[in-house]
Every structure is written in C-alpha cells, then in structure tokens.
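>
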C-alpha cells in the first residue's frame with residue numbers, strides 16, 4: 046500500500062488509487078458577495094432548485110492530495126496540478142470518494158474522478174506534475190466549447206481584460222474576508238485530509254498552503270477587481286484548475302496576483318466567466334502558481350435578465 050504523509054488509508058484498485066469516504070464540511074454559510082448571500086446559503090440555494098446549500102468545489106481538491114503524493118511524492122506539493130469539471134453538487138452530510146488513475150510508463154498526467162455513495166459523479170478531470178505533458182482537462186474542455194452568444198450578465202466584459210497586480214497573503218489565523226469568512230486554522234480543523242506538511246513538517250520546513258486554500262488565496266481580492274458584471278446575481282464554480290509551477294506556496298508569505306479573462310461561455314441556464322489568476326513573488330514576473338476558474342452565473346438569479354435581453358437583442 047502506498048505511503049503518504051496523510052492520516053488515511055488508500056485502496057489500491059490495480060489501475061488506480063481510491064481514497065477513503067469523506068463527508069466534506071460546509072464553511073461558507075455566511076459568505077457574502079455583491080451585498081447578498083451565495084449559493085452556499087441554504088435559502089438562496091433552494092430558491093435556485095438545489096435541496097440545500099452546496100459544498101464549495103475546491104473543498105474536494107483536498108481528497109486528491111494523498112493520491113497525488115502516493116504517485117509523485119513530494120513533487121506533488123510543488124508541481125502538482127488538478128484540473129476538474131464539476132458535474133454535480135455535494136451537500137453537507139453526503140460522503141464522497143476520490144479516485145486517481147496510476148500513470149503508465151512514467152506519464153505525468155492521469156485521470157481523476159470523484160463519486161458519491163450512490164455512484165453520482167461529482168467531478169472529473171486530470172492530475173499531473175511538472176511543466177510538460179499533454180493539455181490539462183480544462184484546456185481540452187475550453188477548446189471544445191462555443192464562445193458565449195448574446196451575453197447579458199457578461200455583456201460588458203471581454204476576453205483579454207486583465208487586472209493590475211494586487212498583494213495577497215494567508216496567515217494562519219487571518220479571516221479571509223466576506224468571500225471566505227474563516228481562517229486557515231479553522232479550515233484545517235475541518236479539512237478532509239490533514240498532513241503535517243500543513244504545519245511545517247519536512248521537507249519544506251515551513252507550513253504550506255493546502256491546494257484547496259490556494260483557491261481562497263487567489264480569490265481573496267476578487268472584489269477589488271470591479272469587473273463590469275451585471276448583478277446582483279448568484280453564481281457557482283463550474284470548472285476549476287489549480288497548478289503549481291514553483292511551489293509550494295507558504296503560510297504567512299507575501300504574494301502578488303493578477304487576473305485575466307480568458308474565455309466566455311454559456312448554457313441554457315448560465316453565463317460563464319473563465320478567469321486565470323497568476324500568483325507571483327512580490328516584484329517578480331515568474332509565475333509560481335495559477336488558478337483557472339469558471340464562475341457560472343445563473344440567469345434566473347438576475348432579476349432583469351429577460352428585460353435586458355430583449356433590450357439588447359430584440
């Protein structure tokens with residue numbers, strides 16, 4: 046059986062590893078953006094057809110960390126990448142399990158998936174290490190999507206729009222703001238998979254930021270962007286990729302980030318904004334890590350949607 050730094054037992058299925066069943070915890074009930082509650086608020090979620098508040102997607106990334114370490118060792122924490130399309134929401138009280146294929150002939154990319162107890166697929170995508178290798182799952186996914194037609198909520202934004210540099214950091218007891226009203230310490234008390242690496246154990250010698258919390262770091266100043274989105278409206282994470290190039294990222298370390306709109310897509314119910322966040326050392330231009338995030342905004346949550354669509358497109 047593969048050894049990892051995590052307090053969990055992995056199951057060897059022959060062609061893949063499977064982690065233990067876990068019940069992820071909801072920590073975003075008090076989340077607020079644009080002056081209103083989010084999809085992680087039970088009442089808001091129920092209005093939009095969900096049975097209750099959803100677990101935020103990157104919470105699931107932690108269950109893949111022991112699998113990545115089992116395959117690639119410490120390299121996973123400094124050059125790992127998870128690229129996932131979220132397929133079904135998870136609600137508190139449900140249990141989920143992560144699966145990661147084993148690489149063949151030294152391959153640097155493998156398939157991943159997560160399932161509920163009843164077999165419902167939560168997400169699918171790829172895991173990989175290093176700068177080389179085939180396109181990650183979301184790069185391949187974007188290449189097959191049609192650009193958004195007749196936008197309303199995203200009418201005033203454009204591919205290529207880029208923010209200036211912003212300073213971010215994550216201290217252990219720092220409340221991460223209205224978007225993430227908790228601290229890293231509070232997250233580690235509830236995280237599905239805990240490693241001594243997150244407390245400063247060797248080989249890194251300093252506390253590293255878990256991959257799911259890199260999402261929080263990357264989103265920390267998102268409200269400062271002032272991108273011209275129409276709202277208020279409610280969105281959810283539909284696709285997400287977190288990739289380390291020169292990691293790991295450290296607790297208490299200062300970083301700089303910028304964001305760029307790289308694609309706009311849509312569906313019958315949503316308009317999707319694909320944003321790439323790049324993380325740098327202060328004053329540097331070398332990219333340490335990136336996050337690609339598709340925030341899908343629900344058309345029905347934007348009150349004047351039909352009226353504005355008619356005005357824009359007749």
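Numbering (this note's numbering), first residue to last: 46 to 359.
Positions of the beta carbon are idealized from the N, C-alpha and C atoms, including for glycine.
What separation, rounded to the nearest whole angstrom, lies between the Cα atoms of residue 164 and residue 180?
Indexing the chain shown from 1 puts residue 164 at position 119. Indexing the chain shown from 1 puts residue 180 at position 135. Those two C-alpha atoms are separated by around 27 Å.
> How many Å lie between residue 73 and residue 225 at the Cα?
For the purposes of this step, residue 73 is taken as the residue at position 28 of the chain shown. For the purposes of this step, residue 225 is taken as the residue at position 180 of the chain shown. If you take the alpha carbons of residue 73 and residue 225, they lie about 7 Å apart.
> Name the one or two DSSP bridge partners that residue 145 has.
Start at 1 with the first residue of the chain shown, and residue 145 comes out as number 100. According to DSSP, which records beta bridges pairwise, residue 145 is partnered with 62, 157.
> Beta-carbon separation of residue 172 and residue 109 under 8 Å?
For the purposes of this step, residue 172 is taken as residue 127 along the chain shown, with counting starting at 1. For the purposes of this step, residue 109 is taken as residue 64 along the chain shown, with counting starting at 1. Contact flag set, yes.
> Is it buried or exposed, residue 207, if we count other Cβ atoms within 10 angstroms and call 16 or more buried?
The residue given as residue 207 occupies position 162 in the chain shown. It is exposed - the Cβ of residue 207 has fewer than 16 other Cβ atoms within 10 Å.
> Kindly indicate the opening and closing residues of the beta strand (DSSP E) around residue 174.
If you number the chain shown from 1, residue 174 lands on position 129. Note, residue 174: beta strand (DSSP E), 166-174.
> Does any heavy atom of the ligand ATP sit closer than 7 Å to the C-beta of residue 316?
As far as ligands go, the structure on display features none, and thus does not contain the ligand ATP.
> By how many angstroms is the C-alpha of residue 184 removed from the C-alpha of residue 51?
What you label residue 51 is simply residue 6 of the chain shown in a count that begins at 1. What you label residue 184 is simply residue 139 of the chain shown in a count that begins at 1. Residue 51 and residue 184: Cα-Cα distance of roughly 30 Å.
> Give the list of continuous alpha helix (DSSP H) stretches no shorter than 4 residues that lie fully inside the segment 218-255.
With a minimum length of 4 residues, the continuous alpha helix (DSSP H) runs that stay inside the segment 218-255 are 229-233.
> If residue 99 and residue 198 are in contact, beta carbons under 8 Å, what's the gap, nearest whole angstrom?
Counting from one through the chain shown, the residue named residue 99 turns up at place 54. Counting from one through the chain shown, the residue named residue 198 turns up at place 153. Residue 99 to residue 198, Cβ: 20 Å. No contact.
> Report the option in 301, 351, 349 whose CA atom is closest to the CA atom of residue 329.
Position 284 of the chain shown, counted from the start, is the residue given in the question as residue 329. Residue 329 has its Cα closest to that of 301, out of 301, 351, 349.
> Please go through the same chain and pick out, in chain order, the residues whose beta-carbon is closer than 8 Å to the beta-carbon of residue 219, but skip the five residues on each side of it.
Numbered from its first residue, the chain shown carries residue 219 at position 174. These residues qualify, in order along the chain: 228, 229.
> Determine the DSSP secondary structure at residue 105, reduced to helix, strand or coil.
To locate residue 105, count along the chain shown from 1; it is residue 60. Three-state DSSP puts residue 105 in a helix.
> Going by the CB atoms, is the gap between residue 122 and residue 242 shorter than 8 Å?
Here residue 242 refers to the residue found at position 197 when the chain shown is read from its first residue. Here residue 122 refers to the residue found at position 77 when the chain shown is read from its first residue. Result yes, Cβ atoms of residue 242 and residue 122 sit closer than 8 Å.
> Which residue marks the beginning of the beta strand (DSSP E) containing residue 317, and which one marks its end?
As a position in the chain shown, residue 317 is number 272, starting the count at 1. 315-325 is the extent of the beta strand (DSSP E) around residue 317.
> What's the C-alpha gap between residue 278 and residue 348?
Start at 1 with the first residue of the chain shown, and residue 278 comes out as number 233. Start at 1 with the first residue of the chain shown, and residue 348 comes out as number 303. Whole-angstrom Cα-Cα distance: 8 Å.
> Whole-angstrom Cβ separation of residue 287 and residue 112, contact assumed at under 8 Å?
Taking the first residue of the chain shown as position 1, residue 287 is located at position 242. Taking the first residue of the chain shown as position 1, residue 112 is located at position 67. Their Cβ separation, rounded to whole angstroms, is 15 Å, which puts residue 287 and residue 112 out of contact at 8 Å.
> Please say whether residue 177 and residue 296 have beta carbons closer to each other than 8 Å?
Taking the chain shown and counting its residues from 1, the one referred to as residue 296 is at position 251. Taking the chain shown and counting its residues from 1, the one referred to as residue 177 is at position 132. It is not a contact, given that the beta carbons lie outside the stated cut-off.
> Would you list the residues sitting across from residue 129 in a DSSP beta bridge?
Counted from its first residue, the chain shown places residue 129 at position 84. DSSP output for residue 129 lists 170, 285 as bridge partner(s).
> Exposed or buried, residue 232, counting other C-beta atoms within 10 Å across all chains shown (16 or more means buried)?
By 1-based counting over the chain shown, the position of residue 232 is 187. Residue 232 should be labelled buried.
> Go through its chain and collect everything with a Cβ distance to residue 70's Cβ below 6 Å, but skip five positions before and after it.
Here residue 70 refers to the residue found at position 25 of the chain shown. For residue 70, where only same-chain residues beyond five positions count, the Cβ hits under 6 Å are 235.
> Which one or two residues does DSSP pair with residue 332 in a beta bridge?
Here residue 332 corresponds to residue number 287 of the chain shown, with the count starting at 1. Note: residue 332 sits in a beta bridge opposite 325.
> Tell me the rounded alpha-carbon separation between residue 254 and residue 194.
Indexing the chain shown from 1 puts residue 254 at position 209. Indexing the chain shown from 1 puts residue 194 at position 149. Roughly 38 Å separates the two Cα atoms.
> Provide the residue(s) that pair with residue 212 in DSSP beta bridges, ordered along the chain.
Start at 1 with the first residue of the chain shown, and residue 212 comes out as number 167. Per DSSP, 301.
> I need the DSSP call for residue 310, collapsed to helix, strand or coil.
Residue mapping note: residue 310 aligns to position 265 of the chain shown, counting from 1. Residue state, collapsed to three classes: strand.
> Expressed to the nearest angstrom, what Euclidean distance is found between the alpha-carbon atoms of residue 53 and residue 335?
Residue numbering aside, residue 53 sits at position 8 when the chain shown is read from its first letter. Residue numbering aside, residue 335 sits at position 290 when the chain shown is read from its first letter. Roughly 28 Å separates the two Cα atoms.
> List the endpoints of the continuous alpha helix (DSSP H) containing residue 187.
Along the chain shown, read from residue 1 onward, the residue named residue 187 stands at position 142. Element bounds for residue 187: 182-188.
> So what's residue 50 in DSSP terms, helix, strand or just coil?
Translated into positions along the chain shown, residue 50 becomes position 5. In the structure shown, residue 50 sits in coil (DSSP, three-state: anything other than H, G, I, E or B).
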